[in-house]
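> Encoded as structure tokens, here's the structure I'll be asking about.
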Ligand SMILES: [Zn+2]
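Residue numbers (the numbering used here): -10 to 163.
What follows is the structure in structure tokens.
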């Protein structure tokens, strides 16, 4: 048994070393231009996820998308909170940086709409959201009720997004 961590190790410490290793393995197995599917956890929309713990409590869990880390690992650049990494290959679990591009929230929304990943709102049912879209909603400074109405979800869902996509200190990838 190891003690629960009390400081935020960040994805660079827990995930950054792993993501490049996975990238190298996938490149060797499938070739530089192939689809590199993230072999570990995925979220409900199919994106690869890297999770880490910043404290002992359950709510001290943080996560970020594997393709986002892959882009940062390849370019050596960090990303701002409003810079989104989109797929040219329309394959959410793919982490091949050659298939990824950085876009604004508007680009990301347009991209998801074009690919049918952001369906029309269905009354009484939350839309299926990609993590990037959830992040956009979480950063929306308006009241929970107004944002929830706009996105077709409950205020509780928006509150959860805000917890999960809490801004991180500058210079640290989300
Ligand atoms: Zn791809």
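Glycine residues also receive a C-beta, built at the ideal position from the N, C-alpha and C atoms.
1) DSSP on residue 9, reduced to helix/strand/coil?
2) Decide if residue 37 is buried, meaning its Cβ has at least 16 other Cβ atoms within 10 Å, or exposed.
3) Only counting the same chain, and skipping five residues up and downstream in sequence, which positions put a Cβ closer than 8 angstroms to that of residue 91?
4) Compute every distance between the C-beta of residue 85 and the non-hydrogen atoms of ligand 1, then say whether any falls below 7 angstroms.
5) By how many angstroms is the C-alpha of residue 88 removed from the C-alpha of residue 77?
6) Can you tell me whether residue 78 sits near ligand 1, meaning its C-beta is under 7 angstroms from at least one heavy atom of the ligand?
7) With the cut-off set at 8 angstroms, would you say residue 83 and residue 31 are in Cβ contact?
8) For residue 28 and residue 96, what's the separation of their Cα atoms in angstroms?
9) Answer yes or no: the CB of residue 24 versus the heavy atoms of ligand 1, is any distance below 7 angstroms?
10) Among the residues of its own chain, which have a CB less than 7 angstroms from the CB of residue 145, if the five just before and after it don't count?
11) Compute the Euclidean distance between the alpha carbons of residue 138 and residue 127, then round it to the nearest angstrom.
12) Closest by CA to residue 150, which one among 53, 42, 7 and 12?
13) Assign residue 57 to one of two classes, buried (16 or more other C-beta atoms within 10 Å of its C-beta) or exposed (fewer than that).
14) Judging by CA-CA distance, which residue of 40, 45, 11 and 81 is the nearest neighbour of residue 154?
15) In chain order, what residues of the same chain lie with their CB nearer than 8 angstroms to the CB of residue 50, ignoring the 5 residues before and after it?
Once the coordinates are examined:
1) Indexing the chain shown from 1 puts residue 9 at position 20. Helix at residue 9.
2) If you number the chain shown from 1, residue 37 lands on position 48. By the 10 Å Cβ count, residue 37 comes out buried.
3) Taking the first residue of the chain shown as 1, we reach residue 91 at position 102. 60, 68, 72, 73, 74 and 75, listed in sequence order.
4) Along the chain shown, one-based indexing puts residue 85 at 96. For ligand 1, at least one heavy atom lies less than 7 angstroms from the Cβ of residue 85.
5) Residue mapping note: residue 77 aligns to position 88 of the chain shown, counting from 1. Residue mapping note: residue 88 aligns to position 99 of the chain shown, counting from 1. In a straight line, the C-alpha of residue 77 is about 5 angstroms away from that of residue 88.
6) As a first step, residue 78 must be located in the chain shown, where it is residue number 89. Yes, the Cβ of residue 78 comes within 7 angstroms of a heavy atom of ligand 1.
7) The sequence position of residue 83 within the chain shown is 94, counting from 1. The sequence position of residue 31 within the chain shown is 42, counting from 1. Cβ atoms of residue 83 and residue 31: not closer than 8 angstroms.
8) Translated into the one-based positions of the chain shown, residue 28 becomes position 39. Translated into the one-based positions of the chain shown, residue 96 becomes position 107. One C-alpha to the other measures close to 27 angstroms.
9) What you label residue 24 is simply residue 35 of the chain shown in a count that begins at 1. Yes, Cβ of residue 24 sits closer than 7 angstroms to a heavy atom of ligand 1.
10) Within the chain shown, the letter at position 156 stands for residue 145. Excluding residues within five positions, none has a Cβ falling inside 7 angstroms.
11) The residue labelled residue 138 in the question sits at position 149 within the chain shown. The residue labelled residue 127 in the question sits at position 138 within the chain shown. Going from the Cα of residue 138 to the Cα of residue 127 covers about 13 angstroms.
12) Along the chain shown, read from residue 1 onward, the residue named residue 150 stands at position 161. The shortest Cα separation from residue 150 among 53, 42, 7 and 12 belongs to 53.
13) Taking the chain shown and counting its residues from 1, the one referred to as residue 57 is at position 68. So residue 57 counts as buried.
14) If you number the chain shown from 1, residue 154 lands on position 165. Answer by Cα proximity: 40.
15) If you number the chain shown from 1, residue 50 lands on position 61. Cβ neighbours of residue 50 beyond the five flanking positions: 40, 41, 42 and 43.
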